[in-house]
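J.: Chains as they are written, first to last, in numbering that gives the first Met the number 0: chain A, 0 to 324; chain B, 0 to 477.
Every residue, glycine too, gets a C-beta built ideally from N, C-alpha and C.
Fair warning: this is a prediction, and the values are worked out from it, not measured in the lab.
After the structure tokens below, expect a handful of questions from me.
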Amino acid sequence: MVNRELVVVGGGPAGMAAAISARENGVKDILLLERDQYLGGLLNQCVHTGFGIDYFKEILTGPEYADRFIKKIKPLSGIEISLRSFVVRLAKDRTLTYLKPGGIHTVNAKALIMATGCREKTREMVHIPGTRPAGVFSAGLAQKLINIEGLLPGKEVVIIGSGDIGLIMARRFTLEGAKVKAIIEIQERSRGLLRNMVQCVEDFDIPVYFNHKVLKICGADRVEKVIVAKAGEDLKETPGTSFEIACDTVLLSVGLIPENELIEMAGVAIDKATNSPISKEVNVTSIPGIFVCGNSYKVYDYVDSVTVDSELAGKLAAEYIKKAR
Amino acid sequence: MNKYDVVIIGGGVVGTAIARELSRYHLAIALLEKETELAFGVSKSNSGIIHPGTQHTPGSLKGKLCVQGNALTKKLARELYIDFKEVGELIVAFNEEELMRLLQLKKDGQALGVPGLKMVDRSWLRKHEPNLSDKAFAALYAPTAGIISPYRWVYDFAENAKANGVEIHTETKVEKILPAQPRFEITTSKGEFSSRYIVNASGLHADDVSRMVGVADFKITPRKGQEFLLDKKREHITNHLLFPLPSKASKGILVTRTSDGNPMIGPTAEDVDDKEDLSTTEAGLDKVLEGAKKLVPSIDGNDIIAYFAGLRPVAGDDFLIRHEDRVSGFVNVAGIQSPGLTAAPAIALMVAEILKRRGLELKRKLIFHKHRKPERHLFAIPLDDAKRLIKKDANYGDIVCRCEMVSAKEVRDAIARGARTMDGIKFRTRAQAGRCHGSFCTTRLMKILSEETKTPLVGVTKRCKGSEIVKKDRTSGQ
């Protein structure tokens, strides 16, 4: 087992900002673990613009925003970056075990910052009935397929939910020559940002059905259509209002959940409804010395605010280590 | 045209168990499966319960083969290195009247030879099954009930049968059978097969296949079952498999768990007309939740991470296993619904016996490989063992599926063992089966599958031709 002053789990915007800030606040021995083969996290697949308006007073794409931090963190002495490193176990005493191609490593940290991001809610979590054909994707997976892999998931798309990734993907699919036939939102207004509603949906004349729900996904091997109906105040189907939309692809954009399975394993108190740590102040958890920042602390609307709050997490961890010395 | 002694139609648990049993003997055997992979029909939606043999009337084929099959499964699981957990089941009574029915079940079970049956009372239940509803009055405890992975069971049977010489043909749909003497001529989507004997284990389509040789005196009615899986975090919500008292149509809404540790609630039992109707419904979910909460009130709909529907192939009340005397050499193995998974090894012995009685010479091979090289799954082994594996092969440390901890090496192994689709990889390795449902690992899995099978990315499918994951590759123009 190796001892470290600070271990940061996650090399996205939150993890990088936290590590840099901890270094600037005097921590000299930092290990940053990232499971992917590159830093930047989900920003790498967000090729649209709109990042950095608050923090840099500039309009950047996701990869550009990430690159600012990658350029800053790499030359810093005192921060070791370990890629393709997958944490499998975390104990209360801040001992964690991670896999890397070729080995398993155990490390104990005086302080720990978890910046593990969030995942998308799935079709299964919102209980959408019907068959289970190919062609049902989370909006984020569709984004990765198009922007990172250069693969077009489908040509006639219905989007369930109006989360920001779904709205952004409505525009992206349209620009790729696919037809976005509808966005179906069960609430009476969008759950995404106003600017995305305007720039990604209204500007492209994509029909949005508020107060509607998808009753069923149909198709044996590939999605063939969805059945949609008006949803009443109780969110149940209003009888006699159902209609069909033919499509070959269904995207889900129904919300995000913080990824906190590791700290839950360590015994950190978690709010079951939100999957966030139960916490008195930002970034702090029920176990002293374990901090959480970025989208794993709570789901943020803007990466700029993730950066600011994660810098605070780095500072809190540095103070904690100083006190423990 | 290739000539065989036995052609088995259907690559589910029944067909593959028969193939494995017959592979002990000097026989030329082919197994034909219409889907892209084995177990993609009825077997893939099985609950994975190895039943003890309760809930069947003495004298029924189901009861007899279930009790035999339960013991055989344990033995075979050791031979084939599949994870079988004997967790035991409780059939729960909620009042006096149900208690009387429970006593009858116990009597029937004992008549069938179910070992270890025991009535347990409230205080026993409170101690051994603390999350069970406090309205539970008493229960019948059957210690020999267990859990297994239904699709891995099929893959293991098939792999071992293949190692012993059985030919496995997937994407091979039987279209016509000519009962010419002394051999059947079988026309399929992949050419002609000629065989002395045919075993029809084609699940939902057993009646259609039987009709091809002129035997049309039974009909398969699909009976839909919807199942809902809960997050692995709730693995310990129960210790035993929990059953209510059975009805005529089914064993009721159960609280069980998969061999991988996900609690599972369901199934419904709905007779449907369509042999392809695998849709889940809101009503199904409501019904299952209601039934499950009756047993375990703390079950929460928010814990559901996956659901699916399967179809039981029903042909009357009992299994239908018989040689068709009008069509010499043709054996029907039909209506194998629950407890078919448990009974499969016993059905295999029974079919071998039927074939022998009908003149098939069963001469043992000098060398029969009864064991199978086990695959390794990181999720199923202690960390120290994982450490050794990773040291031996660095690719075990290359994690592809984060939710279920599946490495690139396991995915490549699964493909080497026959996975050809994304579902095939999921069933074998659990990659995509966790809480993110493949949102994070789909692209990586597609690339590995494409690379190993030399298929372009646009050709990678979920489960068959027509279920391609993406429509267009912008990088290659495909």
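Name the two residues that bound the continuous alpha helix (DSSP H) containing D4/B.
T.: What you label residue 4/B is simply residue 5 of the second sequence in a count that begins at 1. Unbroken run through D4/B is the beta strand (DSSP E), 1-8; no alpha helix (DSSP H).
J.: Start and end of the alpha helix (DSSP H) containing P62/A?
T.: Here the question's residue 62/A lines up with position 63 in the first sequence. Element bounds for P62/A: 61-72.
J.: Can you tell me whether DSSP reads E175/A as helix, strand or coil?
T.: Here residue 175/A corresponds to residue number 176 of the first sequence, with the count starting at 1. Coil at E175/A, not helix or strand.
J.: Are the C-beta of L174/A and some C-beta of chain B separated by less than 9 Å?
T.: On the first sequence, residue 174/A is found 175 positions in, with the first residue counted as 1. It does not; no Cβ of chain B falls within 9 Å.
J.: Select from Q54/B, T35/B, V212/B, R356/B the residue whose C-alpha is nearest the C-alpha of S246/B.
T.: In the second sequence, counting from the first residue as 1, residue 246/B sits at position 247. Taking only the C-alpha atoms, the option nearest S246/B is Q54/B.
J.: Give the secondary structure of I80/A by DSSP, where H, G and I count as helix, E and B as strand, and everything else as coil.
T.: Position 81 of the first sequence, counted from the first residue, corresponds to residue 80/A. Reduced to three states, the DSSP call for I80/A is strand.
J.: Could you pull the start and end residues of the alpha helix (DSSP H) that H127/B belongs to?
T.: Along the second sequence, one-based indexing puts residue 127/B at 128. Segment 121-127, the alpha helix (DSSP H) holding H127/B.
J.: Measuring straight from C-alpha to C-alpha, what distance separates L98/B and K126/B?
T.: Indexing the second sequence from 1 puts residue 98/B at position 99. Indexing the second sequence from 1 puts residue 126/B at position 127. For L98/B and K126/B, the distance between alpha carbons rounds to 20 Å.
J.: How many Å lie between S304/A and N294/A at the Cα?
T.: Start at 1 with the first residue of the first sequence, and residue 304/A comes out as number 305. Start at 1 with the first residue of the first sequence, and residue 294/A comes out as number 295. Roughly 10 Å separates the two Cα atoms.
J.: Please report the residue range of the beta strand (DSSP E) in which N130/B lies.
T.: Indexing the second sequence from 1 puts residue 130/B at position 131. Counting along the chain, N130/B falls outside any beta strand (DSSP E), and DSSP gives it neither H nor E.
J.: Where does the unbroken alpha helix (DSSP H) through R100/B begin, and where does it stop?
T.: Walking along the second sequence from the start, residue 100/B turns up at place 101. Looking at the DSSP string, the run of the alpha helix (DSSP H) that includes R100/B is 95-111.
J.: Please determine if the stretch 159-170 of chain B and the stretch 12-28 of chain B are in contact, where contact requires at least 3 C-beta pairs separated by less than 8 Å.
T.: Output reads yes: the stretch 12-28 of chain B touches the stretch 159-170 of chain B.
J.: Against chain B, does F85/A count as a neighbour if the rule is that its beta carbon must be under 9 Å from one of theirs?
T.: Counting from one through the first sequence, the residue named residue 85/A turns up at place 86. Yes, F85/A counts as interfacial toward chain B.
J.: Hey, is S275/A's beta-carbon within less than 9 Å of any beta-carbon in chain B?
T.: As a first step, residue 275/A is located in the first sequence; it is residue number 276 there, counting from the start. Not one chain B Cβ lies under 9 Å of S275/A.
J.: Along chain B, which residues have their Cβ under 8 Å away from the Cβ of R221/A?
T.: Stepping through the first sequence from its first residue, residue 221/A is reached at position 222. Result: G465, S466, E467.
J.: Listed in chain order, which residues of the stretch 277-306 of chain B have Cβ atoms closer than 7 Å to some Cβ of chain A?
T.: Against chain A - using a Cβ distance shorter than 7 Å - the residues of the stretch 277-306 of chain B are L277, S278, T279, T280, E281, L284, I303, I304, A305, Y306.
J.: DSSP state of Y37/A, grouped into three classes?
T.: Your numbering for residue 37/A matches position 38 in the first sequence. Y37/A falls in the coil class under three-state DSSP.
J.: By the three-class DSSP mapping on this structure, what secondary structure does F209/A have?
T.: Taking the first sequence and counting its residues from 1, one reaches residue 209/A at position 210. The answer is coil: DSSP assigns F209/A none of H, G, I, E or B.
J.: Nearest-angstrom Cα distance between A65/A and S466/B?
T.: Within the first sequence, residue 65/A is the residue found at index 66, counting from 1. Within the second sequence, residue 466/B is the residue found at index 467, counting from 1. So the alpha carbons of these two residues sit roughly 36 Å apart.
J.: My parser needs the beta strand (DSSP E) runs of 3 or more residues fully inside the stretch 283-318 of chain A; what are they?
T.: Fully enclosed beta strand (DSSP E) runs of 3 or longer: 289-291.
J.: Can you give me the C-alpha to C-alpha distance between L59/A and R170/A, rounded to a whole angstrom?
T.: To locate residue 59/A, count along the first sequence from 1; it is residue 60. To locate residue 170/A, count along the first sequence from 1; it is residue 171. So the two alpha carbons sit approximately 18 Å from each other.
J.: Taking the alpha-carbon positions, what's the G149/A to K470/B distance?
T.: In the first sequence, residue 149/A corresponds to position 150, counting from 1. In the second sequence, residue 470/B corresponds to position 471, counting from 1. Cα to Cα, the separation comes out at about 11 Å.
J.: Residues of chain A with a CB under 8 Å from the CB of T169/B: which are they?
T.: Mapped onto the second sequence, residue 169/B falls at position 170. Simply none; closest approach about 16 Å.
J.: Take L75/B and list the residues in its own chain whose beta-carbon comes closer than 6 Å to its own, dropping the five residues that flank it on each side.
T.: Residue mapping note: residue 75/B aligns to position 76 of the second sequence, counting from 1. Taken in chain order, the residues that qualify are P344.
J.: Can you tell which of A333/B, Y395/B, H368/B has its C-alpha closest to the C-alpha of G14/B?
T.: To locate residue 14/B, count along the second sequence from 1; it is residue 15. Considering only alpha carbons, the answer is A333/B.
J.: When DSSP labels each residue in this structure, what does K14/A get in the three-state scheme?
T.: The residue labelled residue 14/A in the question sits at position 15 within the first sequence. Looking at the sequence itself, residue 14/A is Gly, so the reference to Lys does not match. It is helical.
J.: Classify P129/B: buried if its beta carbon has 16 or more other beta carbons within 10 angstroms, exposed otherwise.
T.: In the second sequence, residue 129/B corresponds to position 130, counting from 1. Exposed.
J.: Measuring CA to CA, which of R324/A, G39/A, L144/A, I289/A is closest to M445/B?
T.: As a first step, residue 445/B is located in the second sequence; it is residue number 446 there, counting from the start. The shortest Cα separation from M445/B among R324/A, G39/A, L144/A, I289/A belongs to L144/A.
J.: Expressed to the nearest angstrom, what Euclidean distance is found between the alpha-carbon atoms of K175/B and T187/B?
T.: For the purposes of this step, residue 175/B is taken as residue 176 along the second sequence, with counting starting at 1. For the purposes of this step, residue 187/B is taken as residue 188 along the second sequence, with counting starting at 1. C-alpha separation (whole angstroms): 7 Å.
J.: Determine the chain B residues that contact G101/A at a beta-carbon separation under 7 Å, and present them in chain order.
T.: To locate residue 101/A, count along the first sequence from 1; it is residue 102. I389, A393, G396, listed in chain order.
J.: Measure how close the beta-carbons of P276/A and A268/A come, nearest whole angstrom, since I'm counting them as under 8 Å.
T.: One-based indexing of the first sequence puts residue 276/A at position 277. One-based indexing of the first sequence puts residue 268/A at position 269. Indeed they touch by this definition, with Cβ atoms about 7 Å apart.
J.: Ordered along the chain, which non-local residues of its own chain (more than five positions away) have a Cβ less than 7 Å from that of V66/B?
T.: For the purposes of this step, residue 66/B is taken as residue 67 along the second sequence, with counting starting at 1. So the list reads G52, L111, G112, V113, once near-sequence residues are dropped.
J.: If we define contact as Cβ-Cβ less than 9 Å, is E148/A a contact residue for chain B?
T.: As a position in the first sequence, residue 148/A is number 149, starting the count at 1. For E148/A, the answer is yes, since a Cβ of chain B falls inside 9 Å of its Cβ.
J.: Using beta-carbon positions only, say whether G129/A and C217/A come within less than 9 Å of one another.
T.: Taking the first residue of the first sequence as position 1, residue 129/A is located at position 130. Taking the first residue of the first sequence as position 1, residue 217/A is located at position 218. The answer is yes: Cβ separation under 9 Å.
J.: Based on DSSP bridge pairs, tell me the residues matched to G145/B.
T.: In the second sequence, residue 145/B corresponds to position 146, counting from 1. Answer by DSSP bridge pairing, in chain order: I49/B.
J.: Taking C-beta pairs closer than 9 Å, name the residues in chain A that M404/B reaches, listed in chain order.
T.: Numbered from 1 along the second sequence, position 405 holds the residue referred to as residue 404/B. What M404/B touches in chain A: F85, V87, L98.
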